[in-house]
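S.K.: Have a look at this one.
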Amino acid sequence: MTRTYPVLVRYAETDQMGVVHHAAYVVWLEEARTRLLADAGLPYHELEREGLFFPVVELALRYHRPLRYGETAQVEVRLEEVKSRRVAFAYRVLRPGGVLAAAGRTVHVPQDREGRAVRLPPKVYEKLRALAEA
Numbered sequence: 013m014t015r016t017y018p019v020l021v022r023y024a025e026t027d028q029m030g031v032v033h034h035a036a037y038v039v040w041l042e043e044a045r046t047r048l049l050a051d052a053g054l055p056y057h058e059l060e061r062e063g064l065f066f067p068v069v070e071l072a073l074r075y076h077r078p079l080r081y082g083e084t085a086q087v088e089v090r091l092e093e094v095k096s097r098r099v100a101f102a103y104r105v106l107r108p109g110g111v112l113a114a115a116g117r118t119v120h121v122p123q124d125r126e127g128r129a130v131r132l133p134p135k136v137y138e139k140l141r142a143l144a145e146a
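Put into C-alpha cells, the structure is as follows:
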C-alpha cells in the first residue's frame with residue numbers, strides 16, 4: 013500500500029535561491045515513514061517504549077527536479093520489503109502537478125535498546141507484512 017503525505021516547503025529548508033536543500037528530503041522521508049507506521053497501528057513512540065528501534069542502515073536518494081519555498085510536495089511512501097531482521101521503504105517526492113522531484117529508499121534493521129540487531133516480534137512482523145501486501 014502506498015500512502016501520500018503533503019509537506020509544505022518551509023523557508024528554513026531552502027538555500028539562498030529558494031531551492032530545497034538536499035538534506036530536507038531525508039527529514040520528509042522520515043516523517044512519511046513514521047506516519048505510515050502510525051496509520052498501520054505501529055506508532056514509532058510505542059515501538060520504542062517496547063524496546064524496538066528501526067535505525068536507518070542504508071539510504072539512497074536521487075534528485076530529479078527542484079522544489080522551492082512555498083510549494084507543497086507530496087511524499088509517497090510504501091513498505092517495500094519485510095523480513096524478520098530487515099525492512100525497507102520506497103519513496104517518491106512529487107512537485108505540484110505530480111512531477112517527480114526525488115525518489116529514494118531506506119533500509120532498517122530492528123534493534124533492541126542496546127543496539128543489537130533483533131528479530132521482529134511476531135505481532136509487529138504480522139502488521140508489517142499486512143501493510144506490505146495491502
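For the sequence shown, this note's numbering begins at 13 and goes up steadily by one. Don't be surprised by glycine CBs; every beta carbon is placed ideally from N, CA and C. Computed from a prediction, not measured in an experiment: that's the story for all the values here.
Assign Tyr103 to one of two classes, buried (16 or more other C-beta atoms within 10 Å of its C-beta) or exposed (fewer than that).
M.R.: The residue is buried, with at least 16 neighbouring Cβ atoms inside 10 Å.
S.K.: I'd like to check one pair, Ala36 with Glu25: are the Cβ atoms closer than 8 Å?
M.R.: Result yes, Cβ atoms of Glu25 and Ala36 sit closer than 8 Å.
S.K.: With 16 as the cutoff for other CB atoms within 10 Å, does Leu20 come out buried or exposed?
M.R.: Looking at its Cβ environment, which holds fewer than 16 other Cβ atoms inside 10 Å, Leu20 is exposed.
S.K.: Are the region 44-54 and the region 80-100 in contact at 8 Å, needing three or more beta carbon pairs?
M.R.: Yes, the region 44-54 touches the region 80-100.
S.K.: Quick one: is Arg74 buried, meaning 16 or more other Cβ sit within 10 Å of its Cβ, or exposed?
M.R.: Arg74 should be labelled exposed.
S.K.: Looking at C-alpha atoms only, which residue of Lys95, Gly110, Arg80 is the closest neighbour of His120?
M.R.: Cα-wise, what sits closest to His120 is Lys95.
S.K.: Do Leu71 and Tyr38 count as a contact pair if the criterion is CB distance below 8 Å?
M.R.: It should be pointed out that residue 38 corresponds to Val in this sequence rather than to Tyr. In contact: Val38 and Leu71 (Cβ atoms closer than 8 Å).
S.K.: Phe65 bridges to which residues according to DSSP?
M.R.: Per DSSP, Gln123.
S.K.: Is Leu73 helix, strand or coil by DSSP?
M.R.: Note: Leu73 maps to strand in three-state DSSP.
S.K.: With three or more C-beta pairs closer than 8 Å as the rule, is the region 107-117 touching the region 134-142?
M.R.: In short, these stretches do not touch, since the Cβ pair count stays below three.
S.K.: Give the DSSP-derived three-state secondary structure of Pro134 in the structure shown.
M.R.: Of the three classes helix, strand and coil, the one that applies to Pro134 here is helix, per DSSP.
S.K.: Ignoring anything shorter than 3 residues, give me the beta strand (DSSP E) runs that lie fully in the region 84-111, in order along the chain.
M.R.: The qualifying runs are 84-95, 98-106.
S.K.: Ordered along the chain, which non-local residues of its own chain (more than five positions away) have a Cβ less than 8 Å from that of His33?
M.R.: For His33, where only same-chain residues beyond five positions count, the Cβ hits under 8 Å are Glu25, Thr26, Asp27.
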